[in-house]
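First comes the structure, then the notes that go with it.
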Amino acid sequence: MNDRRFLLTTGAIALFLSAALYTLHYVIFQDVHHIFIYMMGDFAFLPLEVFLVVVVIERLLSQREKKALHSKLNMVIGAFFMAVGNRLLAELLTDFYGKEELYQHFKIGKDWQTEDFRRARAQARKTRLEVDFSRIDLEGLKVFMIEQRPFLMGLMGNPNLLEREAFTDLLWSITHLAEELEARKDLSALPEVDLKHLEGDINRFYDRLLTEWLNWAEHLKNNYPYFYSLLLRTHPFQKSPSPLVKE
Numbered sequence: 002m003n004d005r006r007f008l009l010t011t012g013a014i015a016l017f018l019s020a021a022l023y024t025l026h027y028v029i030f031q032d033v034h035h036i037f038i039y040m041m042g043d044f045a046f047l048p049l050e051v052f053l054v055v056v057v058i059e060r061l062l063s064q065r066e067k068k069a070l071h072s073k074l075n076m077v078i079g080a081f082f083m084a085v086g087n088r089l090l091a092e093l094l095t096d097f098y099g100k101e102e103l104y105q106h107f108k109i110g111k112d113w114q115t116e117d118f119r120r121a122r123a124q125a126r127k128t129r130l131e132v133d134f135s136r137i138d139l140e141g142l143k144v145f146m147i148e149q150r151p152f153l154m155g156l157m158g159n160p161n162l163l164e165r166e167a168f169t170d171l172l173w174s175i176t177h178l179a180e181e182l183e184a185r186k187d188l189s190a191l192p193e194v195d196l197k198h199l200e201g202d203i204n205r206f207y208d209r210l211l212t213e214w215l216n217w218a219e220h221l222k223n224n225y226p227y228f229y230s231l232l233l234r235t236h237p238f239q240k241s242p243s244p245l246v247k248e
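If you count the sequence shown from 1, position 221 lands on 222 in the working numbering, and the numbers rise without skipping.
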């Protein structure tokens, strides 16, 4: 309501000043014909002026805002992977059957291009994993996720993430698995049906985690090659990840 009143007031003042200046021009020069010549010239330029202001300048400002927002989003996503995502990605990978196949699809390289990342994301979205429950440490996973819950809830409260629905869905799916694990008092003797249910929950967030990790890796490659270099050496989709530079 206040914005509307401000616009109406500003418009009325501008109209009054314009009329007053034209009146002053007439009082001084007594030349209506001259006034109308300049008035028509101003009106003739008006469509181009509207185009420049409304379309060109507004679009440039919008692109600048989107770029700034994209940068902020990637900072938030980077913080997530450094605190939570990388550990989940690596530790759960050891608990899957057929993880060697994942190495083939998601072993990012220094020469990867946009098409390589696109192909890997498509594979991530259709990946369905079988969990080896004889290896997985559900109790340790539960403790870690509960410890990280305040951090995850803080991320979900970030208004910038409203622009990244897929990442928000990932946070929700991780939080849901944490709640499922917390609700079970004894994780050492779960029935087969319940383990299958948990496997579905793990799959629900792991394919999203993979997709967002690939997005983040591509962002690092395009904007921060030194971070990408470290990621190439330490990511879990290789047999012997190490931060040491060997070649």
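All C-beta atoms, glycine included, are put in the ideal place defined by N, C-alpha and C.
Model, not experiment: these values are computed from the prediction.
{"Item": "Residue 134 beta carbon less than 8 angstroms from that of residue 196", "Value": "yes"}
{"Item": "Cβ pair count under 8 angstroms reaching 3, the segment 177-193 against the segment 207-218", "Value": "no"}
{"Item": "Whole-angstrom distance between residue 165 and residue 37, CA atom to CA atom", "Value": "53 angstroms"}
{"Item": "Which of helix, strand or coil DSSP assigns to residue 28", "Value": "helix"}
{"Item": "Cβ pair residue 159, residue 51 closer than 8 angstroms", "Value": "no"}
{"Item": "Nearest residue (CA-CA) to residue 172, options 186, 4, 183 and 157", "Value": "157"}
{"Item": "Residue 136 versus 95, 244, 229 and 88, residue with shortest Cα-Cα distance", "Value": "95"}
{"Item": "Where the alpha helix (DSSP H) containing residue 84 begins and where it ends", "Value": "Note, residue 84: premise wrong, no alpha helix (DSSP H); not H, not E."}
{"Item": "Where residue 97 falls: helix, strand or coil (DSSP)", "Value": "strand"}
{"Item": "Cβ neighbours of residue 215 in the same chain (closer than 6 angstroms, five flanking residues each side left out)", "Value": "118, 121 and 122"}
{"Item": "Sufficient close CB pairs (3 or more, under 8 angstroms) joining the segment 88-106 to the segment 232-239", "Value": "yes"}
{"Item": "Exposure label - residue 232; buried when at least 16 CB within 10 Å", "Value": "buried"}
{"Item": "Proximity to residue 108 [Cα-Cα], best of 218, 223, 11 and 131", "Value": "218"}
{"Item": "DSSP state of residue 132 mapped onto helix, strand, coil", "Value": "strand"}
{"Item": "Residue range of the unbroken alpha helix (DSSP H) whose run includes residue 201", "Value": "193-224"}
{"Item": "Proximity of residue 161 and residue 70 at Cβ, strictly below 8 angstroms", "Value": "yes"}
{"Item": "Cβ-heavy atom distance, residue 150 to the ligand MG, below 7 angstroms", "Value": "Ligands in the displayed structure: none, and consequently the ligand MG is not present."}
{"Item": "Buried/exposed call for residue 243, threshold 16 Cβ in 10 Å", "Value": "exposed"}
{"Item": "Close-in-space but distant-in-sequence residues of the same chain around residue 106 (CB under 7 angstroms, 5 per side omitted)", "Value": "121 and 124"}
{"Item": "Residue burial classification, residue 140 (beta-carbon count within 10 angstroms, cutoff 16)", "Value": "exposed"}
{"Item": "When 113, 44 and 126 are compared against residue 226, the one with the closest alpha-carbon", "Value": "113"}
{"Item": "Residue 229 to residue 73 span [Cα, whole Å]", "Value": "18 angstroms"}
{"Item": "Proximity below 8 angstroms, CB of residue 150 to CB of residue 204", "Value": "no"}
{"Item": "Residue 143 burial status per 10 Å Cβ neighbour count (16 or more: buried)", "Value": "buried"}
{"Item": "Selected residue, minimal CA-CA separation from residue 98, among 163, 200, 111 and 213", "Value": "200"}
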